[in-house]
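Asks: Chains as they are written, first to last, in the working numbering: chain A, 537 to 648; chain B, 22 to 137.
First the structure, then my questions, so here it is.
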Amino acid sequence: NAGVTQTPKFRILKIGQSMTLQCAQDMNHNYMYWYRQDPGMGLKLIYYSVGAGITDKGEVPNGYNVSRSTTEDFPLRLELAAPSQTSVYFCASSYAGGEKLFFGSGTQLSVL
Amino acid sequence: EDQVTQSPEALRLQEGESSSLNCSYTVSGLRGLFWYRQDPGKGPEFLFTLYSAGEEKEKERLKATLTKKESFLHITAPKPEDSATYLCAVQRPRVNYGGSQGNLIFGKGTKLSVKP
Numbered sequence: 537n538a539g540v541t542q543t544p545k546f547r548i549l550k551i552g553q554s555m556t557l558q559c560a561q562d563m564n565h566n567y568m569y570w571y572r573q574d575p576g577m578g579l580k581l582i583y584y585s586v587g588a589g590i591t592d593k594g595e596v597p598n599g600y601n602v603s604r605s606t607t608e609d610f611p612l613r614l615e616l617a618a619p620s621q622t623s624v625y626f627c628a629s630s631y632a633g634g635e636k637l638f639f640g641s642g643t644q645l646s647v648l
Numbered sequence: 022e023d024q025v026t027q028s029p030e031a032l033r034l035q036e037g038e039s040s041s042l043n044c045s046y047t048v049s050g051l052r053g054l055f056w057y058r059q060d061p062g063k064g065p066e067f068l069f070t071l072y073s074a075g076e077e078k079e080k081e082r083l084k085a086t087l088t089k090k091e092s093f094l095h096i097t098a099p100k101p102e103d104s105a106t107y108l109c110a111v112q113r114p115r116v117n118y119g120g121s122q123g124n125l126i127f128g129k130g131t132k133l134s135v136k137p
């Protein structure tokens, strides 16, 4: 099992550009999450999903969108990149909400 | 407001020098407390879950304990390979969240450095 796979690992965007961060898991987990981690700050929840077709906002959803068409995939979309979105993004999954999370290796995004 | 506070922010130890990391929380109806280890450039990796006051879990040189207000991660005779950032997260009851912080609240972490 590969676990949780995130791509790309690094990306530099210009202000106003768009991109999609990919996340896939092969553990048949129902719950998937997107977090951002800023230096010196705790992980902040952006969006989460409790199953295919079901998503909901987390603490910091503005500027992002998600979709969950399959159990395996949970992409995160940035429509108009802003410098405030410079961060490290982590995708995670769990079999049931609140159980231990399995994290991907992260995407380091810089918006210049 | 539900909060998780970890201390110290950074801790430097000599190899073999035992110490403890603290995670204090203010959460109504705690469902569980999680400890994760995060190495530079990687995602957090699960270590322990604690569910009730008095519970203890051990793994190699690490031991996690839980009271009604805080959790400690005790590190006994650490080695350089224990160097990492240790994250604490608390789980709230589902009724307490609805799209805000979410089910889990993470602390900012403690960066541990163990020198040989």
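All residues carry an ideal CB built from backbone N, CA and C; glycine is no exception.
Note that the coordinates shown come from a computational prediction; the quantities given were computed from them, not determined experimentally.
Closest to B:S39 by C-alpha separation, out of B:T47, B:E76, B:R82, would be which residue?
Replies: Of the candidates B:T47, B:E76, B:R82, the one whose C-alpha sits nearest the C-alpha of B:S39 is B:R82.
Asks: Along the beta strand (DSSP E) that carries A:Q610, what are the first and last residues, could you check?
Replies: Before going further, note that residue 610 of chain A is Phe rather than Gln in the sequence given. Note, A:F610: premise wrong, no beta strand (DSSP E); not H, not E.
Asks: Counting only C-beta atoms, is B:G50 closer than 7 Å to chain A at any point?
Replies: No - not a single Cβ of chain A is within 7 Å of the one on B:G50.
Asks: Can you find the residues in the same chain that come closer than 7 Å, C-beta to C-beta, to B:A98, ignoring five residues on each side of it along the sequence?
Replies: Here the set comprises G37, S39, R82.
Asks: Can you tell me whether A:D574 is helix, strand or coil according to DSSP?
Replies: A:D574 falls in the coil class under three-state DSSP.
Asks: Please identify, using Cβ separations under 8 Å, the residues of the region 63 to 74 of chain B that lie next to chain A, in order along the chain.
Replies: Per Cβ criterion, the list reads K63, G64, P65, E66, F67, T70.
Asks: CA-CA distance, B:S138 and A:G578?
Replies: Residue coverage of chain B in this structure runs from 22 to 137, which leaves residue 138 of chain B outside it and unanswerable.
Asks: Return helix, strand or coil for B:G119, following the three-state DSSP convention.
Replies: Any reading at B:G119 must be qualified, since the residue scores a pLDDT of 49, below 50, and its modelled position is unreliable; no value is offered.
Asks: Between B:K129 and chain A, is the shortest Cβ-Cβ distance under 7 Å, so that the two count as touching?
Replies: With 7 Å as the cut-off, B:K129 counts as an interface residue toward chain A.
Asks: When DSSP labels each residue in this structure, what does B:E79 get in the three-state scheme?
Replies: Reduced to three states, the DSSP call for B:E79 is strand.
Asks: Relative to the C-alpha of B:S73, which residue among B:K90, B:Q59, B:K80 is closest?
Replies: For B:S73, the nearest C-alpha among the options comes from B:K90.
Asks: Let's see if you can read the secondary structure: which residues bound the beta strand (DSSP E) around A:V596?
Replies: From DSSP, A:V596 is part of no beta strand (DSSP E); its letter is neither H nor E.
Asks: Tell me the DSSP bridge mates of A:D586?
Replies: The question names Asp, yet the displayed sequence has Val at residue 586 of chain A. None, per the DSSP bridge assignment.
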